[in-house]
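Chemist:
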Amino acid sequence: MFRKTDLLHMICLSALLSGCQGIPLKEIRNRPTIKEYTTAQSINSVTACLTQNPSLEKLLERFKVLTYPDGEKTELSLGAIQMGTFKKYYLITLERATSFSVVSLKRSPANFPLLGEADLKAIIASCI
Numbered sequence: 007m008f009r010k011t012d013l014l015h016m017i018c019l020s021a022l023l024s025g026c027q028g029i030p031l032k033e034i035r036n037r038p039t040i041k042e043y044t045t046a047q048s049i050n051s052v053t054a055c056l057t058q059n060p061s062l063e064k065l066l067e068r069f070k071v072l073t074y075p076d077g078e079k080t081e082l083s084l085g086a087i088q089m090g091t092f093k094k095y096y097l098i099t100l101e102r103a104t105s106f107s108v109v110s111l112k113r114s115p116a117n118f119p120l121l122g123e124a125d126l127k128a129i130i131a132s133c134i
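Quick note: the sequence shown uses my numbering, first residue 7, plus one each step.
(1) Between which residues of its own chain and Lys79 is the CB-CB distance below 6 angstroms, once the five residues before and five after are set aside?
(2) For Leu6, count the other beta carbons within 10 Å of its own beta carbon; 16 or more makes it buried, fewer makes it exposed. Which is it?
(3) Provide the residue(s) that pair with Val52 in DSSP beta bridges, ordered along the chain.
(4) Please state if the CB of Ile130 and the CB of Tyr43 are separated by a distance shorter than 8 angstroms.
(5) Can you pull the DSSP bridge partners for Glu42?
(6) Quick one: residues in its chain with C-beta nearer than 8 angstroms to the C-beta of Leu56, no 5 flanking neighbours on either side, listed in chain order?
(7) On the DSSP letters alone, give me the boundaries of the beta strand (DSSP E) that Ile87 sits inside.
(8) Considering Lys94, what are the terminal residues of the beta strand (DSSP E) in which it resides?
(9) Which two residues bound the contiguous alpha helix (DSSP H) that contains Leu126?
(10) Put Leu66 into one of helix, strand or coil per three-state DSSP.
(11) Assuming Val71 contacts Thr53 under a Cβ cut-off of 8 angstroms, what Cβ separation, rounded to an integer in Å, is found between them?
(12) Quick check on the burial criterion: 16 or more other C-beta atoms within 10 angstroms. Buried or exposed for His15?
(13) Tell me the DSSP bridge mates of Thr73?
Pasting the structure below:
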């Protein structure tokens with residue numbers, strides 16, 4: 007028999023889970039940039055610094071790196087597998103400009119419980 011408390015628990019769980027959803031790559035690419043940095047460092051050195059950072063290294067299974075064939079752009083996304091698909095919470099884009107690299111940070115509307123926005127900004131700042 008289905009009880010009212012069971013229904014209430016299901017509603018609460020559903021609300022909790024829906025509020026913690028990451029978003030697909032295409033959707034996070036269309037989000038506004040929340041922070042942009044410039045650096046004289048190469049895309050490869052910034053990428054290496056980010057992927058070897060101890061705070062991010064422990065999240066490697068939640069970290070995806072997409073390097074474009076021309077080497078002028080790299081995307082690092084931080085997220086989780088949700089309903090069989092890797093959903094993103096943060097997207098770090100590194101693009102080569104004339105004599106410098108541009109590093110931009112975008113985020114999903116949901117909070118990523120394993121790494122706060124301020125912590126990620128500090129990690130990025132330490133790598134540029």
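Idealized CB from N, CA, C, for every residue including glycine.
Modeler: According to the structure data:
(1) Glu101
(2) Nothing can be reported for residue 6: it is not among the residues displayed for the chain, which extend from 7 to 134.
(3) DSSP, once it has assigned bridges, lists no residue as partnering Val52.
(4) yes
(5) Ser110
(6) Leu62, Leu82, Ile98, Ile129, Ile130 and Cys133
(7) Lys79 to Gln88
(8) Thr91 to Arg102
(9) Glu123 to Cys133
(10) helix
(11) 7 angstroms
(12) For His15, the predicted model reports a pLDDT of 45, less than 50, meaning its position is unreliable; a value from the coordinates is still stated below. Burial call: exposed.
(13) Thr80
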